[in-house]
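Residue numbers (the working numbering): 99 to 221.
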């Protein structure tokens, strides 16, 4: 059973949604008062995600500069950075949980992302 259920196109939709969330959620949650580091890191990560998503070779991008595989590597690096930040930043419970959710969510999306185009076999 193949659990790789997220197509590159769906991954792109999730990317743009996540990028918006990474920029807006810190403001909505008042994370700047909890941890300025997490606040600015999230906004920067959101802008970065938006940038490399626009440059990834999938349907929802403007330019095909990065391969989808490279995009997933960048996602993994961002996820690792959020998880590391959760452990090292010595912030509040909210800022720590925020980092864990963001980092963990990306791991789940990567794990479920299909790197191959979906083919339909004719019977």
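Even glycine gets a Cβ: it sits at the ideal position worked out from N, Cα and C.
Are there 16 or more other CB atoms within 10 angstroms of the CB of residue i, so buried, or fewer, so exposed?
i	result
residue 184	buried
residue 206	exposed
residue 143	buried
Run through DSSP, which three-state label would residue i get?
i	result
residue 154	strand
residue 177	helix
residue 211	strand
residue 163	coil
Closest to residue i by CA distance: which of the options is it?
i	options	result
residue 39	114, 201, 139	Shown here, the chain extends from 99 to 221; a query on residue 39 therefore has no answer.
residue 116	212, 213, 202	202
residue 213	192, 171, 147, 189	171
residue 197	135, 162, 152	135
residue 122	161, 188, 204, 140	140
Inset, instruction - Indicate whether the contact test is met: 3 or more Cβ pairs, each with one atom in the region 173 to 182 and one in the region 155 to 163, closer than 8 Å. - result: As far as the Cβ criterion goes, the region 173 to 182 does not touch the region 155 to 163, which means the pair count is below three.
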